[in-house]
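Numbering (this note's numbering), first residue to last: 5 to 432.
Heads up, the beta-carbon is just placed ideally off N, CA and C, and yes, glycines get one too.
Written out below as structure tokens is the structure these notes cover.
Have a look at this one:
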């Protein structure tokens, strides 16, 4: 029973301390999500941001901080964007590539560069957002207004930097990936509001029972599909040659290499969202420009025909980042070299380059399947919104992908620690 498993997990002192620390960080995150930024007229801000589009989804990711313009309004998206840029630069800049292979030292240096990039991108995004909503700021029309703009941008940047520290603290001292869990906590905190909104639509007869049932079926389908794909693996058989050392015989055993269908998890979805948030942010800088009109018309999540370009770009980015992150986390050449080093081989293939090419071919095929599945699950609810008439319900495919994926990864970490102590864990 899951309750017995939870009891076993809580009875482990180290694990209890990590879970408690994670929950404490969640509490701090939710407190900060309600600390408002000074000089903001929230009534004007509410009318400016309105409803629908990317702003609603950014509000969901930030746990409601974006539209309230609290200190955590930018959420952790600048960190994710900085991570994308650093990982891309690692591929094209030889010095960064060498640094990434230098073990713990290289990892620390790249993390340091990512932090610098987060602060820089956070300030740019914060100042752009501040300038875009300047009519909602209660400042006199004087030279001091630029000092207020700078102050608001600085507070927003500090909030993002604090969330970055919070996420790294969870990763180091808690359970799970801290950055993903921050996004997870923000989305889950919006569930009561989403349910309340659905109920209000139902009471005024804007939606009917069939729409609610359809939404429930989609939610169940997404959860089941994400679990199925996340747990799906392609097993590649491996045989180890026999070696005689003295009177002992080593090797001669059969094993397998588990290649996950979705090696990248929910990271591609988070990366795609972070990049798509940039056009909306830039559009707020010049709301009356042609660029802003183009973005608001053709790159919105309104479930209409105009959202088709947005959905196509979103799907392509998810598939691209699925391949990209899989290539970063799994290197077929290194796996083939390790197999050769320890006397292992795939039946019918020579060790070395042929093995690496075979693994790369299999990984490319299953990654395509995983990426297409992620893209379909992410865009399906937006299409359904246009067909059923449900509007502004953004706890849909993308949110559920993130929530279920992060929950699975966190459960696996807890499970591994329980298994190491001979407890019966969550997973059967």
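Only residues of its own chain outside the window of five on either side were considered, and among them 375, 379 have a CB closer than 6 Å to the CB of residue 323, listed in chain order. Cα atoms of residue 124 and residue 366: separation of roughly 39 Å, rounded to the nearest angstrom. As the crow flies, the alpha-carbon of residue 272 is around 7 Å from that of residue 329. A distance below 7 Å between beta-carbons, with the five flanking residues on each side excluded, links residue 89 to the following residues of its chain, in chain order: 121.
By alpha-carbon distance to residue 243, the top candidate from 96, 77, 359, 22 is 359. For residue 344, the CB contacts under 8 Å within the same chain, skipping 5 residues up- and downstream, are 355, 356, 359 in chain order. Every beta strand (DSSP E) of 3 residues or more that sits fully in the region 208-292 is shown, in chain order, as 237-244, 247-249, 252-254, 258-264.
Exposure of residue 213 is indicated by the presence of fewer than 16 other C-beta atoms within 10 angstroms of its C-beta.
If you draw a straight line from the Cα of residue 156 to the Cα of residue 164, it comes to about 13 Å.
Cβ atoms of residue 52 and residue 140 come within 8 Å of each other, at about 6 Å. Under the three-state reduction of DSSP, residue 141 is assigned to strand. As the crow flies, the alpha-carbon of residue 346 is around 37 Å from that of residue 229. Distance from the CA of residue 301 to the CA of residue 73, rounded to the nearest whole angstrom, comes to 24 Å.
Within 10 angstroms of the beta-carbon of residue 257 lie fewer than 16 other beta-carbons, which makes it exposed. Three or more beta-carbon pairs drawn from the region 36-49 and the region 62-76 are found closer than 8 Å, and the two stretches are therefore classed as touching.
For the 9 Å CB-CB criterion, residue 268 and residue 188 do not form a contact. With respect to residue 62, residue 85 sits apart: the two C-beta atoms are not nearer than 9 Å. Within the same chain, Cβ atoms closer than 8 Å to the Cβ of residue 237 are found at 262, 263, 264, 265, the five residues on either side in sequence being excluded. With fewer than 16 other Cβ atoms from the protein chains shown falling within 10 Å of its own Cβ, residue 200 counts as exposed. Counting only runs that start and end inside the region 295-354, there is no beta strand (DSSP E) element of at least 3 residues.
Residue 234 and residue 296 have their C-alpha atoms spaced approximately 37 Å apart.
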